[in-house]
Amino acid sequence: MNVRIVNMPIWLEPAGEFDLIRLGRDRDGGYLVDSRDVATADFLISLGISDDWSFDQSFLLRRNVPLHAFDGTVDRGFIANGFRALKFIRAVARRSQVKHYYSAWREYKKFFTGSRHHHSKMVGLRNTPGWLTLSEIVNTYTPEGKVFLKVDIEGWEYRLFDDLLAEADRICGLAIEFHDVDLHWMRLKEFIEKFPLSIAHVHYNSFAPLSDQGAPLVLEVTFSSHAPVAIGPVTLPHILDRLSAPDHQAREVRFVN
203 MNVRIVNMPI WLEPAGEFDL IRLGRDRDGG YLVDSRDVAT ADFLISLGIS
253 DDWSFDQSFL LRRNVPLHAF DGTVDRGFIA NGFRALKFIR AVARRSQVKH
303 YYSAWREYKK FFTGSRHHHS KMVGLRNTPG WLTLSEIVNT YTPEGKVFLK
353 VDIEGWEYRL FDDLLAEADR ICGLAIEFHD VDLHWMRLKE FIEKFPLSIA
403 HVHYNSFAPL SDQGAPLVLE VTFSSHAPVA IGPVTLPHIL DRLSAPDHQA
453 REVRFVN
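Each residue of the sequence shown is one higher than the one before, starting from 203 at the first, in my numbering.
Spelled out as structure tokens, the structure:
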């Protein structure tokens with residue numbers, strides 16, 4: 203099988219080798235993060251959960267801290283409706299889809315209990331009913347201590363840049379997915395140059411195509427508050443990386459000027 207090349211700008215290259223572990227499922231929804239950031243977290247904030255909280259579950263198995271998850275598009279009723287819809291179309295739905303929705307419906311109430319909270323709120327707008335800003339979340343729900351932040355909010359992440367910079371001293375680690383990257387290269391570059399945490403890992407989401415220049419349109423980037431364990435160029439994909447779906451094609455990452 204021919205391995206296609208993914209071209210990424212040099213300013214996305216990780217600062218070196220970090221103590222990476224994989225949290226979450228083996229496909230889309232899992233992230234590589236630095237274990238030291240997990241160990242120093244006092245809270246986990248998860249923005250965007252849909253019907254997959256495998257990252258949060260894996261995180262809390264390593265570091266059992268209070269979780270505040272925010273997603274105004276989903277609740278147990280939403281998951282149940284999805285399950286019912288797939289039952290009605292089960293003749294064409296894949297069995298794995300039906301099984302996934304049933305499992306999510308069953309596990310939602312079991313998982314979000316005690317110090318694990320799901321807030322049915324959207325994130326990114328100020329003074330808007332049903333919405334919160336990232337700074338409001340950090341200061342209201344985690345008034346002190348270090349926060350590990352996971353962000354997957356389907357394009358709204360760019361609206362968080364100012365708050366991410368303002369709250370950077372509270373953030374011990376950040377795993378974030380960037381969408382429509384080809385439309386926001388310069389905004390992303392400017393943010394990375396200002397953000398004090400270091401890039402620990404970069405992964406292309408293979409559900410999205412590459413641009414005509416071979417650049418990914420959806421990126422998963424992990425930032426760490428810790429220094430690399432070794433300085434020097436890294437080889438990507440990392441041994442712990444996984445394709446977003448099992449039938450996707452593997453691609454080698456190359457950093458270019």
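Cβ coordinates follow ideal geometry from the N, Cα and C atoms, glycine included.
Predicted, not measured: the structure shown is a model, and the values here were computed from it.
At which residues does the beta strand (DSSP E) containing residue i begin and terminate?
i	result
L262	Here L262 belongs to no beta strand (DSSP E); instead the alpha helix (DSSP H) covers S256 to R264.
A417	Neither: A417 is in no beta strand (DSSP E) and is coded neither H nor E.
I394	Taken as a continuous stretch (DSSP letters only), I394 belongs to no beta strand (DSSP E), being part of the alpha helix (DSSP H) at W387 to K396.
F314	Careful: F314 lies outside any beta strand (DSSP E) and carries neither H nor E.
V235	Y233 to D236
A271	L269 to F272
S248	F245 to L249
V208	R206 to P211
S400	S400 to Y406
If you draw a straight line from the C-alpha of residue i to the C-alpha of residue j, how long is it?
i	j	result
R264	R328	34 Å
H440	G226	16 Å
F397	S237	20 Å
S256	L214	26 Å
F363	G326	10 Å
E174	V276	Beyond the ends of the chain as shown, which are 203 and 459, falls residue 174; an answer cannot be given.
F315	A243	Reading off the sequence, residue 315 comes out as Thr, not Phe. Using only the alpha carbons, I get a separation of about 20 Å.
L366	L385	20 Å
Q451	L442	16 Å
R206	A410	14 Å
P216	D239	16 Å
Assuming residue i is part of the alpha helix (DSSP H), what are its boundary residues?
i	result
F457	Unbroken run through F457 is the beta strand (DSSP E), R453 to V458; no alpha helix (DSSP H).
E359	First-last for E359: undefined, no H or E at that position.
N341	L336 to Y343
Buried or exposed: where does residue i fall if 16 or more other Cβ atoms within 10 Å of its Cβ makes it buried?
i	result
A368	exposed
E379	buried
G511	Residue 511 is absent from the structure shown; the chain starts at 203 and stops at 459.
R389	exposed
S322	exposed
In chain order, what residues of the same chain lie with their CB nearer than 7 Å to the CB of residue i, ignoring the 5 residues before and after it?
i	result
N209	Q415, G416, A417, R456 and V458
V485	In this structure the chain extends from 203 to 459, so residue 485 is not present and cannot be described.
A293	With a pLDDT of only 45 at A293, under the threshold of 50, the placement of this residue in the model should not be trusted, and no figure is reported.
Kindly list the residues whose CB is nearer than 6 Å to the CB of residue i, restricted to its own chain and excluding five residues on each side of it in sequence; keep chain order.
i	result
L249	F272, V325, V353 and I355
Leaving out five residues before and five after residue i in sequence, what residues of the same chain have Cβ atoms less than 8 Å from its Cβ?
i	result
V431	G218, E219, F220 and D221
Measuring only from the beta carbon, is residue i closer than 6 Å to any heavy atom that is part of the ligand COA?
i	result
A370	This structure does not include the ligand COA; it has no bound ligands of any sort.
- Query: When the Cβ atoms of the stretch 216 to 224 are set against those of the stretch 338 to 356, are three or more pairs found closer than 8 Å?
  - Reply: no
- Give a yes or no on contact between the stretch 372 to 383 and the stretch 412 to 429, applying the rule of three or more CB pairs nearer than 8 Å. yes
- Using 8 Å as the Cβ pair cut-off and three pairs as the minimum, do the stretch 389 to 403 and the stretch 342 to 354 touch? no
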